[in-house]
Each structure stands twice: as structure tokens, then as C-alpha cells.
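The structure under discussion appears below in the form of C-alpha cells.
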Amino acid sequence: MNATRVDEEFNPSVHVYEPHKVGLPPLRPYFKALWERREFAAEMSRTGIRAANTNTFFGQIWLVLNPLLLAGVYYLLVEIIAGANSQDDGAARFAHMCGGLFAFYYFSGAMTAGASSVVGGGKLLMNMSFPRMLLPLSALRTSFFRFLPTMGVYLAIHLLMRQPLHWAMLLAPVFLILLTIFAAGMGMIFAALQVYFRDTTSFLPYFVRIWLYLSPVLWFAEQAPPKFQSFIQFNPLYSLIGGWTDLLVRGQVPDIKMWIGAVVWALAAVLIGSLFFMSREREFVVRL
Numbered sequence: 001m002n003a004t005r006v007d008e009e010f011n012p013s014v015h016v017y018e019p020h021k022v023g024l025p026p027l028r029p030y031f032k033a034l035w036e037r038r039e040f041a042a043e044m045s046r047t048g049i050r051a052a053n054t055n056t057f058f059g060q061i062w063l064v065l066n067p068l069l070l071a072g073v074y075y076l077l078v079e080i081i082a083g084a085n086s087q088d089d090g091a092a093r094f095a096h097m098c099g100g101l102f103a104f105y106y107f108s109g110a111m112t113a114g115a116s117s118v119v120g121g122g123k124l125l126m127n128m129s130f131p132r133m134l135l136p137l138s139a140l141r142t143s144f145f146r147f148l149p150t151m152g153v154y155l156a157i158h159l160l161m162r163q164p165l166h167w168a169m170l171l172a173p174v175f176l177i178l179l180t181i182f183a184a185g186m187g188m189i190f191a192a193l194q195v196y197f198r199d200t201t202s203f204l205p206y207f208v209r210i211w212l213y214l215s216p217v218l219w220f221a222e223q224a225p226p227k228f229q230s231f232i233q234f235n236p237l238y239s240l241i242g243g244w245t246d247l248l249v250r251g252q253v254p255d256i257k258m259w260i261g262a263v264v265w266a267l268a269a270v271l272i273g274s275l276f277f278m279s280r281e282r283e284f285v286v287r288l
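Numbering-wise, this note's numbering puts 219 at position 219 of the sequence shown, and it's gapless, one number per residue.
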């Protein structure tokens, strides 16, 4: 009888796994351990925020200034070079770009940080035993708290651009939650892939930039060219960010298809991402 069978016979709560064996761990003990170590993940997140100086005044200013400057650049390209129809349309488009870019950079930052969380925490993995999923979730928490200051700035932009306030804006956090769930799933997928393919983080910036142009950030969701309408809706961010900007910027309740699409993409990403991540995490230390 090997050590694994002995441990499980005398103590059913103890599970020993081969370090390079692929497969899912017992889910109930795994998520119980994940929940019990939530403070550990929160402290890792706070450490990352302090290390990046994003808990300081000027650090938070840069978090807002970076997407705000990008919004100004894209506004010049879209409105001035292409030609603006009216001052009101230009103001609405600028508010839309700011709201969309803030959300997109939150998503892309969470996905990118999650992708490098496992490889970046190699020494921690070798010296401590804990559910590895804490690493991409900690990165997600960091990105969320870096995103929060931008919401105050967006509110100021919304008012300065003289955009109306609607009750429908109160539903915008629903799409933000779904976007967060989707970012968690994508972060776990790329975190596992990064262990096997170290060039993943070099590829991600180009992937993210293309994804930005294909998403309703620089354009309104209903303004997609007719020839792209047949497949643009298969972009997960079409419904996630499209619904977010429709509610936050325009105060319009999105079509039911956009709600369904956002929920389906969010749940599919977190389900596939978590299962893929957990099935591979016992190989991480060996491959690092």
C-alpha cells in the first residue's frame, strides 16, 4: 500500500497528490481552503498595490490619467479627423470612450496581471502549500481597487459633458460584476497557459489591443458595420462592455440578447477557466 492510500485510509480529510499528475482536486475541500485563505489573498493584493505605489495620491492620479489621455487621443482620431456631427454628439462620444476605456483597462489589467501571477509567484509556490487559484484572484482584487478611483473621475466627466442622469445607470454595476467574473476566468486560463508557454505575456499586449478595436469602446454597440454584425456579437466584450456603456453613459437598458450574452460569457469563462486552472495547478511547481 503506497503513502497516498495509507493517508486517505487513516485520515479521509488528507489527500496526497503526485506533483505532476493532471486532474481535478476534490472540489469541496479545495474551495473550503480557498475561502479560509481569503485574507492571505487580500494581503498579497495589498502588497502588490503598495509595491506599485497605487495607494498614493500620484499613483492613483496616473491610474486615471493614463486611460483619460488615451480617451483624448482616440477622441481626436474619431471626432476631429473623421469629422464630428455636433457638439452634443462629440460630448456623448467622449463620455462613452472614457466609460468604455476605464472598464476595458480594468478588464485587460486584471487578465494580464492574472496571467503573470503564477510564474511571478514561483518562489511562493515552492515554499508554501495553498490553493494556487489565490494568485490570479489576488491579481483580480488588485485590479479592481485600482479601477475604483476611475469611477469618480467618470462621474465628473459625465457631468462636465452635460450628459443626463438616468435611473438605468443604477443597473450598470450588474455588467461590471459580470465583467469581473469574465476577467477572473480569462486570468486563470492565461495564468495556466503562461506556465507552459512563457511567451504568452509577450503575445497578450497585441491580443488586448486588437480586442480593444473589436469591442464597443471607441464606437457604440449599435454602430458596428453591417458586414461585421454577423460575427461581432461573438466577441464577449460586445455584450459585457456594450451593456456597461449603454447603461452608464446613455442610460439605456440594453436588449435582452445583450444581458443573456453577458451572463453566458461570464459564467462560461469562469467555469472553463477555474476547471482548467485547477486541473493543471499540480504541475506548476514542477514546470516553474
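The beta carbon of each residue, even a glycine, is placed where N, CA and C say it ideally should be. Predicted, not measured: the structure shown is a model, and the values here were computed from it.
- Residue 36: member of the alpha helix (DSSP H) spanning 27 to 36, first to last residue.
- Judged by DSSP in its simplified three-state form, residue 152 adopts helix.
- A contact between stretches requires three or more CB pairs, one per stretch, nearer than 8 Å, and the segment 103 to 110 meets this requirement with the segment 177 to 196.
- A distance below 8 Å between beta-carbons, with the five flanking residues on each side excluded, links residue 189 to the following residues of its chain, in chain order: 269, 272, 273, 276 and 277.
- Rounded to the nearest angstrom, the gap between the Cα atoms of residue 227 and residue 69 is 31 Å.
- By the Cβ-count criterion, residue 281 is buried, with 16 or more other Cβ atoms from all chains shown falling within 10 Å of its own Cβ.
- Contact holds between the segment 154 to 168 and the segment 243 to 253, because three or more Cβ pairs, one in each stretch, are under 8 Å apart.
- Comparing alpha-carbon positions, the option among 142, 221, 214 and 283 lying closest to residue 46 turns out to be 142.
- In this model, residue 212 and residue 231 are separated by some 16 Å (Cα to Cα).
- In its chain, beyond the 5 residues on either side, no residue has a beta carbon closer than 7 Å to the beta carbon of residue 73.
- Residue state for residue 116 is assigned as helix, using DSSP reduced to three classes.
- Closest option to residue 216, judged by alpha-carbon separation, among 97, 28, 30 and 24: 97.
- Spatial neighbours of residue 121 in its own chain (CB-CB distance under 6 Å, excluding positions within 5 residues in sequence) are listed in chain order as 135.
- Secondary structure of residue 93 (DSSP, three-state): helix.
- According to the DSSP assignment, residue 185 belongs to the alpha helix (DSSP H) that extends over 172 to 196.
- Counting along the chain, residue 255 sits inside no alpha helix (DSSP H), nor does DSSP assign it H or E at all.
- Sixteen is the threshold: since fewer than 16 other Cβ atoms of the shown chains lie within 10 Å of the Cβ of residue 209, the residue is exposed.
- One thing to note: residue 150 has its Cβ no nearer than 8 Å to the Cβ of residue 254.
- For residue 218, the secondary structure class from DSSP, reduced to helix, strand or coil, is coil.
- If you compare the alpha carbons of 112, 34 and 95 with that of residue 194, the shortest gap goes to 112.
- Under the three-state reduction of DSSP output, residue 66 falls in the helix class.
- Taking a C-beta distance under 8 Å as the contact criterion, residue 24 and residue 115 do not qualify as a contact pair.
- Contact between residue 44 and residue 129 is absent: CB atoms are separated by about 15 Å, not below the 8 Å threshold.
- If you ignore the 5 residues before and after residue 235, its C-beta comes within less than 7 Å of the C-beta of 214 and 215, all in its own chain and listed in chain order.
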